[in-house]
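Here is the structure we will look at.
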Amino acid sequence: MGEQSPLKPLSSLSLLLLLLTLLTTTVDSRLTTDFYSKSCPRFLDIVRDTISDKQITHPTTAAARDSSINLSLPGDGFDVIVRAKTALELACPQTVSCSDIISVATRDLLVTVGGPYYPVHLGRRDSRTSKASLLADLLPLPSSPMAKTIRQFESRGFTVQEMVALSGAHSIGFSHCKEFVGLVGRNSTGYNPRFAQALKKACSSYPKDPTISVFNDIMTPNKFDNMYFQNIPKGLGLLESDHGLYSDPRTRPFVDLYARDQDRFFKDFAKAMQKLSLYGVKTGRRGEIRRRCDAIN
Numbered sequence: 001m002g003e004q005s006p007l008k009p010l011s012s013l014s015l016l017l018l019l020l021t022l023l024t025t026t027v028d029s030r031l032t033t034d035f036y037s038k039s040c041p042r043f044l045d046i047v048r049d050t051i052s053d054k055q056i057t058h059p060t061t062a063a064a065r066d067s068s069i070n071l072s073l074p075g076d077g078f079d080v081i082v083r084a085k086t087a088l089e090l091a092c093p094q095t096v097s098c099s100d101i102i103s104v105a106t107r108d109l110l111v112t113v114g115g116p117y118y119p120v121h122l123g124r125r126d127s128r129t130s131k132a133s134l135l136a137d138l139l140p141l142p143s144s145p146m147a148k149t150i151r152q153f154e155s156r157g158f159t160v161q162e163m164v165a166l167s168g169a170h171s172i173g174f175s176h177c178k179e180f181v182g183l184v185g186r187n188s189t190g191y192n193p194r195f196a197q198a199l200k201k202a203c204s205s206y207p208k209d210p211t212i213s214v215f216n217d218i219m220t221p222n223k224f225d226n227m228y229f230q231n232i233p234k235g236l237g238l239l240e241s242d243h244g245l246y247s248d249p250r251t252r253p254f255v256d257l258y259a260r261d262q263d264r265f266f267k268d269f270a271k272a273m274q275k276l277s278l279y280g281v282k283t284g285r286r287g288e289i290r291r292r293c294d295a296i297n
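Residue numbers (UniProt numbering): 1 to 297.
Written as structure tokens, this is what we have:
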């Protein structure tokens, strides 16, 4: 994708969401769930098969981020997009956009780890410009104050509840020690004392080995569920942003709601993901269909 992202580790699946924002802009509503039914009838099968093969050989695919700070994650999430695009170019040359592949792959990867299914509307075109530097203020950092994070989402039409629901993507995935170890020793950060000690021990060698990572959800790290929200009130959140969700009165009620009601979390997460997948898309002549997803044509 050209430049490497300057962003800190994001939530699970967020590489694909981040890339989606790179590849699309300009809202348009001419999308349908069966867009490729005639032009590329095996589109969904090809993406699904590619994901299944990659997830079997590299189980971290669903949670991976393609960045230099994620050295310990072998199943980088973007590789599955490249593989799917290669297969689709053989089956349906110059037909399926990278943006649509990413949107469907995000949904399918979510389902493989136990998350909810949601329909994906298709027909996006890829942006003609793709630079990670353009994302500097689009997505929140783990250390961002909750007020800033809320403003970032609200400025793009997302409610506080939708923001909290999307934060549930931390149900799976990893974060590197340098993203949280500096907070562990502070009394005001909300860490459970025993958890804090365990984090210190786990990260004791991170200055020498920057690949050391810790699960975002230490209880059910490979399963998408509502355990992330159950962890936060117990002081078992990993990142500063996790603790911020419970300390801020605007977001805490939704953390409590999702902690006690997984079905409600899944329902709200699916709706928010579908809304996110429709944010700022290009269609028709406003964009292009790239021949490769890992380089500008």
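All residues carry an ideal CB built from backbone N, CA and C; glycine is no exception.
Computed from a predicted model, the values in this text were never measured in an experiment.
Inset, instruction - Within 10 angstroms of the Cβ of Ser241, are there 16 or more other Cβ atoms? Answer buried if so, exposed if not. - result: It counts as buried.
Legend entry - Per DSSP, the bridge partner or partners of His176: When DSSP reads this structure, His176 sits in a beta bridge with Ser213.
Legend entry - Which residues DSSP lists as bridging Glu89, in chain order: Partner(s): none; Glu89 has no beta bridge.
Legend entry - the region 259-272 in contact with the region 226-241 per 3-pair CB rule at 8 Å: The region 259-272 makes contact with the region 226-241: 3 or more CB pairs, one atom from each, lie closer than 8 Å.
Legend entry - Contact under 8 Å by Cβ, Ser144 with Asp217: No; because the gap between Cβ atoms is not below 8 Å, this pair is not in contact.
Inset, instruction - Check whether the Cβ atoms of Leu239 and Phe195 sit closer than 8 Å, and answer yes or no. - result: For Leu239 and Phe195, no; Cβs fall outside 8 Å.
Inset, instruction - Can you have a look at Gly190 and say buried or exposed, based on whether 16 or more other CB atoms are within 10 angstroms of its CB? - result: Its Cβ being crowded by 16 or more others within 10 Å, Gly190 is buried.
Inset, instruction - Could you tell me the boundaries of the alpha helix (DSSP H) in which Pro41 lies? - result: No alpha helix (DSSP H) holds Pro41; DSSP gives it neither H nor E.
Legend entry - Arg124 versus Phe35: straight-line alpha-carbon distance, rounded: The alpha-carbon separation between Arg124 and Phe35 amounts to approximately 10 Å.
Inset, instruction - State yes or no: is the C-beta of Phe265 within less than 8 Å of the C-beta of Gly115? - result: No, the Cβ-Cβ distance between Phe265 and Gly115 is not below 8 Å.
Legend entry - As assigned by DSSP and simplified to three states, the class of Arg125: In this structure, Arg125 counts as strand in the three-state DSSP scheme.
Legend entry - Residue range of the unbroken alpha helix (DSSP H) whose run includes Thr149: That run of the alpha helix (DSSP H) goes Met146 to Glu154.
Inset, instruction - Could you tell me which of Ser97, Phe78, Asp294 and Val47 sits nearest to Lys282, measuring between CA atoms? - result: Scanning Ser97, Phe78, Asp294 and Val47 for the CA closest to the CA of Lys282 turns up Ser97.
Legend entry - Reduced DSSP secondary structure (H/G/I, E/B, other) of Lys282: The answer is strand: DSSP assigns Lys282 an E or B state.
Legend entry - Straight-line Cα distance separating Tyr246 from Arg186: When rounded, the separation of the alpha-carbon atoms in Arg186 and Tyr246 is 17 Å.
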